[in-house]
Amino acid sequence: MLGNFQKTQLRIEIEAPATAISDSLLRPAQLEKWLLSGRLSIGMPEQLHPGFQFTTRFGPVAIHHQVDVADSNRLRLILSQGIDGFHEWYWGEGWVQSRLEGISILPLALGQSLNLLSLRQFLVKK
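Residues 4 to 129 (the numbering used here) make up the sequence shown, in order.
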């Protein structure tokens, strides 16, 4: 894999209940409304579950995701192709935390920050 090893962790406050945050992260119909990469793969389930795989695109770069853990307050995705690493999400009442580690040519900290801001904006309007 070409690129540099990068790791970033951010936690933000969001004026939303944990259930709304959970739905926004675990339900693909909600996820694609705020995720910057936009469209998700065809044939997504109603809710993400361990073992499910899908691909997103960031411009010309494809990022493959495999759901490792998906429960009431945690989502862990194993990443490959455009990012070789993982992305973990944790959340609770009024907060969400994202941890991203991997090798990539993409600016991971910038993408993570923009996605968290997009999620916050989506939940505020909801």
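In this text, a Cβ means the ideal position worked out from N, Cα and C, and glycines have one as well.
For Gln115, no beta strand (DSSP E) encloses it; the enclosing alpha helix (DSSP H) starts and ends at Leu111 to Lys128. Counting the other CB atoms within 10 Å of its CB gives Ser75 a total below 16, which places it among the exposed residues. DSSP places Ser25 inside the alpha helix (DSSP H), whose first and last residues are Ala21 to Leu29. Distance from the CA atom of Ile17 to the CA atom of Trp98, rounded to whole angstroms, is 5 Å.
Arg14: member of the beta strand (DSSP E) spanning Asn7 to Glu16, first to last residue.
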